[in-house]
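Number of protein chains: 2
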Amino acid sequence: MLSKRIQTALAGSSAIRAMFVEGKELAAKVGEENVFDFSLGNPATPAPESLKQAMKDLLDDMDPLVLHGYMSNAGYEDVRAAIAENLNSRFGTDFTWNNIVMTVGAAGGINIVFKTILDPGDEVIVFAPFFGEYKSYAANFDAAVVTVAPDYKTFQPDLDAFAASFTEKTKAVIVNTPNNPTGVIYSDETMTKIGEILRSKEEEYQKEIYLISDEPYRELIYDGAEENFLTKYYHNTIVGYSFSKSLSLPGERIGYIAVPNEVTDAEQMLAGIEVANRTLGFVNAPSLIQKAAAACVNEKTNLEFYDKNRIDLYEGLKKLGFTCIKPQGAFYLWLKSPVEDEAQFVAAAKKYNLILVKGSAFGCSGYVRLAYCISNDKINRSLDAFAKLANEYGLGV
Amino acid sequence: MLSKRIQTALAGSSAIRAMFVEGKELAAKVGEENVFDFSLGNPATPAPESLKQAMKDLLDDMDPLVLHGYMSNAGYEDVRAAIAENLNSRFGTDFTWNNIVMTVGAAGGINIVFKTILDPGDEVIVFAPFFGEYKSYAANFDAAVVTVAPDYKTFQPDLDAFAASFTEKTKAVIVNTPNNPTGVIYSDETMTKIGEILRSKEEEYQKEIYLISDEPYRELIYDGAEENFLTKYYHNTIVGYSFSKSLSLPGERIGYIAVPNEVTDAEQMLAGIEVANRTLGFVNAPSLIQKAAAACVNEKTNLEFYDKNRIDLYEGLKKLGFTCIKPQGAFYLWLKSPVEDEAQFVAAAKKYNLILVKGSAFGCSGYVRLAYCISNDKINRSLDAFAKLANEYGLGV
Numbered sequence: 002m003l004s005k006r007i008q009t010a011l012a013g014s015s016a017i018r019a020m021f022v023e024g025k026e027l028a029a030k031v032g033e034e035n036v037f038d039f040s041l042g043n044p045a046t047p048a049p050e051s052l053k054q055a056m057k058d059l060l061d062d063m064d065p066l067v068l069h070g071y072m073s074n075a076g077y078e079d080v081r082a083a084i085a086e087n088l089n090s091r092f093g094t095d096f097t098w099n100n101i102v103m104t105v106g107a108a109g110g111i112n113i114v115f116k117t118i119l120d121p122g123d124e125v126i127v128f129a130p131f132f133g134e135y136k137s138y139a140a141n142f143d144a145a146v147v148t149v150a151p152d153y154k155t156f157q158p159d160l161d162a163f164a165a166s167f168t169e170k171t172k173a174v175i176v177n178t179p180n181n182p183t184g185v186i187y188s189d190e191t192m193t194k195i196g197e198i199l200r201s202k203e204e205e206y207q208k209e210i211y212l213i214s215d216e217p218y219r220e221l222i223y224d225g226a227e228e229n230f231l232t233k234y235y236h237n238t239i240v241g242y243s244f245s246k247s248l249s250l251p252g253e254r255i256g257y258i259a260v261p262n263e264v265t266d267a268e269q270m271l272a273g274i275e276v277a278n279r280t281l282g283f284v285n286a287p288s289l290i291q292k293a294a295a296a297c298v299n300e301k302t303n304l305e306f307y308d309k310n311r312i313d314l315y316e317g318l319k320k321l322g323f324t325c326i327k328p329q330g331a332f333y334l335w336l337k338s339p340v341e342d343e344a345q346f347v348a349a350a351k352k353y354n355l356i357l358v359k360g361s362a363f364g365c366s367g368y369v370r371l372a373y374c375i376s377n378d379k380i381n382r383s384l385d386a387f388a389k390l391a392n393e394y395g396l397g398v
Numbered sequence: 002m003l004s005k006r007i008q009t010a011l012a013g014s015s016a017i018r019a020m021f022v023e024g025k026e027l028a029a030k031v032g033e034e035n036v037f038d039f040s041l042g043n044p045a046t047p048a049p050e051s052l053k054q055a056m057k058d059l060l061d062d063m064d065p066l067v068l069h070g071y072m073s074n075a076g077y078e079d080v081r082a083a084i085a086e087n088l089n090s091r092f093g094t095d096f097t098w099n100n101i102v103m104t105v106g107a108a109g110g111i112n113i114v115f116k117t118i119l120d121p122g123d124e125v126i127v128f129a130p131f132f133g134e135y136k137s138y139a140a141n142f143d144a145a146v147v148t149v150a151p152d153y154k155t156f157q158p159d160l161d162a163f164a165a166s167f168t169e170k171t172k173a174v175i176v177n178t179p180n181n182p183t184g185v186i187y188s189d190e191t192m193t194k195i196g197e198i199l200r201s202k203e204e205e206y207q208k209e210i211y212l213i214s215d216e217p218y219r220e221l222i223y224d225g226a227e228e229n230f231l232t233k234y235y236h237n238t239i240v241g242y243s244f245s246k247s248l249s250l251p252g253e254r255i256g257y258i259a260v261p262n263e264v265t266d267a268e269q270m271l272a273g274i275e276v277a278n279r280t281l282g283f284v285n286a287p288s289l290i291q292k293a294a295a296a297c298v299n300e301k302t303n304l305e306f307y308d309k310n311r312i313d314l315y316e317g318l319k320k321l322g323f324t325c326i327k328p329q330g331a332f333y334l335w336l337k338s339p340v341e342d343e344a345q346f347v348a349a350a351k352k353y354n355l356i357l358v359k360g361s362a363f364g365c366s367g368y369v370r371l372a373y374c375i376s377n378d379k380i381n382r383s384l385d386a387f388a389k390l391a392n393e394y395g396l397g398v
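Laid out in structure tokens, this is it:
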């Protein structure tokens, strides 16, 4: 006798995880080396050597009662200070340790922010295509997501549609740039306009509306793009970050929430987020990895590795006649299905051992997502399989 | 504009954490060595040397993409298998890896179980005094706790009151033995009767009612008591465990849920718990510490350390004329306030730099909790302060 909510969740279980399982099953049949599994956003380049060394040093040098013990529910103060200083030096912010709450990944972070701001019946605006879990996170607090369709040429948000999507129940807007699943970076112009619209809507509805910036891919950007930090566009912006991608440790569950002083009642907000961290059962972010992440806060992932995959895959697919959005960041490629029902396309791809995820899992049918965080050898070998798939749909020359 | 739930939570914030903060403030004034802080259940004996070695070996020997990467949301299969085998060898259970879900501590574990079984309006029976967070955890899913008063002589549950507390809305019962805050171990007789009552209530209401056993103190038992595992008393028992106390790593957030095959629709239950782990934002238990805990699954904490504190404190307080429940497990001592309003007693104790937590934080006023996980030197020095406190209340000879 499971709860109704979990029965619903089980019925509509994650399409990404489902494809990941299909990939594993296929690998058991035809050999792991013959499956081109583009399903999961699991970093493919190892954590930096300095992370390993930092962890070993912490284990050798620190009092284990402190290293593995309880700290403030918001995290170690020195860790929060290191992150605040790092952000200040990169983005000209004026954070202190007190603006930062360490979290169990970005997923934990978004949930404690949602718990802190959402009442039942509230609405959260999301830009399609979007990370499907946002829906579950809002549902955890009896709130609903309202989806805004993209500009299908650029996959920037359609800002007229955005402005029209507000109601009296709107409490928050989530942006995720560089974007999962499209790889698109929201332009400075887009973000400036989003800020303007939010200010006018706060005025119109006479209440706070929060912009939540989900930034796990902040540093994963190509072609000389500049890292962006969204608090400058709008006063009520709350940032959620994860070290999963920058330090290649998604299994360790470490991230943070940053609440600038410009946020209305910032102090109360931070107190609420800290309480939510405790009462939702996270209690605090894992302790050793907090310290290790702070020690490696200036490390970068192997961007060249992903960039090579990006170019090889994008150019290869274009040559085969597929229509793709050119990725600017993250490690995802967004491809237009040659047929309207992309589930049919995903099934056809599987015949060639290509594991893709359907766009409807991200609130945007007619497209598929490819996570190109696999070996470059596989990327290039996959193009033979894609050639057969293209042939089946009469693409190319 | 915080959510109403968080506004309520902030207003009634944790009394334990509040006393912990008072202790810190006092330490800043009079010196840390002069404050006898009995507020927090933070292990006082360091993590075993083998844990440090296991972590360093894992860092040296394992592929970092696996060690720090995503795994199944339920945890690494080899970790779950190691825990299943350990439980089987100690308690005669017949678990496989599939019965175990790795969790972000016991707090994370209880929340994902609650999410899996509780619908809005459901009731969870708790035995007073109880860990106050249970109330927040139930409220996360719009369920309420129903409190059953204890037998005040033994602090075993009052089983007649228990039997009378069921309604059509009862979905679960939580037990926590060895108990926080009393240190009492529920006897075999108590547990047998709880099982009988649960079976008859399932029959009466014609539905599943779950017994959730919160077992972070399972191995912290004294006077030759035998470790107990509660699945043998009742078929619909779900066990939540934390390594926080046995391996002294409460900051690392690592535990597990065990669902025996005897649980109704066990497979569905496990699938639901895994989905809840993902959608509540935990995603999975932290990865490195999963592997390290599995490597140390046979380690025990320094029981002698706590036992000496227990004896010294209990005998010392009795001699001073205080009325205490003799602790049988965990690292808490439950003391009867000499005045009905224990908040007044807690305030008086603070004058002598004694930091205690009022029983009403555990749903049982008129008592206070002492967490004796501090140095033995402090335990013995605290008795001088308690002597002055006893004198103030005219206790002893």
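So the sequences go chain by chain: A and B. Residue numbering for the first sequence follows our numbering, starting at 2 and increasing by one per position. Residue numbering for the second sequence follows our numbering, starting at 2 and increasing by one per position. Beta carbons are placed, not taken as given, at the ideal position from N, Cα and C, and that holds for glycine.
Is the CB-CB distance between residue i and residue j below 7 Å?
i	j	result
Y242/A	G256/A	yes
F348/B	L357/B	The sequence given here has Ala at residue 348/B, not Phe. It is not a contact, given that the beta carbons lie outside the stated cut-off.
L52/B	A293/B	yes
Y206/B	N237/B	no
P65/A	R254/B	no
F37/A	S338/A	no
A388/A	Y353/A	no
E228/B	T265/B	no
M103/B	Q329/B	no
K202/B	F167/B	yes
F306/A	T46/A	yes
L396/B	V369/B	no
I326/A	F156/A	yes
I380/B	L314/B	yes
L11/B	A82/A	no
Could you compute how far the alpha carbon of residue i sits from the alpha carbon of residue j?
i	j	result
R219/B	N87/B	14 Å
E124/A	L371/B	45 Å
A331/A	A85/B	38 Å
D143/B	K116/B	10 Å
F377/B	F283/A	Residue identity check: residue 377/B is Asn in the sequence provided, not Phe. Between N377/B and F283/A, the C-alpha separation is close to 31 Å.
S214/A	F163/A	16 Å
K5/B	S4/A	24 Å
N43/A	L355/B	50 Å
F39/A	N310/A	12 Å
C297/A	P217/A	16 Å
L60/B	E50/B	16 Å
K246/A	T302/A	7 Å
A48/A	A55/A	12 Å
Per the DSSP calculation, residue i is bridged to which residue(s)?
i	result
I326/A	W335/A
G241/B	D215/B, I258/B
I17/B	BP columns for I17/B are empty, so no partner.
A372/B	Y333/B
E124/A	A145/A, T171/A
V358/B	R370/B
V340/A	For V340/A, which the question treats as bridged, DSSP gives no partner whatsoever.
T104/A	G256/A
D38/A	I356/A
I222/A	G330/A
P158/B	P151/B
> For the region 134-148 of chain A against the region 178-198 of chain A, are there 3 or more C-beta pairs whose distance is under 8 Å?
Replying inline: no
> Is it a yes or a no for the region 360-367 of chain A touching the region 317-325 of chain A, going by three-plus beta-carbon pairs under 8 Å?
Replying inline: no
>> Along the region 276-303 of chain B, where does the CB come closer than 9 Å to a CB of chain A? Name the residues.
In response: So the list reads V276, A277, R279, T280, L281, G282, F283, V284, N285, A286, P287, S288, L289, I290, Q291, given in the order they occur along the chain.
> the region 95-127 of chain B: which residues have C-beta closer than 7 Å to a C-beta of chain A, in chain order?
Replying inline: So the close ones are V105, G106, A108, G109, I111, N112, K116, T117, I118, L119, D120.
> Taking Cβ-Cβ distances below 7 Å as the criterion, which residues of the region 60-86 of chain B are in contact with chain A?
Replying inline: Going along the region 60-86 of chain B in chain order, one finds L60, P65, L66, H69, G70, Y71, M72 with a Cβ nearer than 7 Å to chain A.
> Using 8 Å as the threshold, is the region 106-120 of chain A in touch with the region 270-281 of chain A, meaning 3 or more CB pairs across them?
Replying inline: Three or more pairs of CB atoms, one per stretch, sit closer than 8 Å, so the region 106-120 of chain A contacts the region 270-281 of chain A.
>> Using 8 Å as the cut-off, can you tell me whether the region 190-202 of chain A makes contact with the region 169-180 of chain A, which would need three or more C-beta pairs spanning the two stretches below that distance?
In response: yes
> Got a sec: which bits of the region 233-266 of chain A sit with their beta carbon under 9 Å from any beta carbon on chain B, in order along the chain?
Replying inline: S245, L248, S249, L250, P251, G252, E253, R254, I255, T265, D266
> Which residues, in chain order, does the region 2-16 of chain A contribute to contact with chain B at a C-beta distance below 9 Å?
Replying inline: M2, L3, S4, K5, R6, I7, Q8, A10, L11, S14, S15
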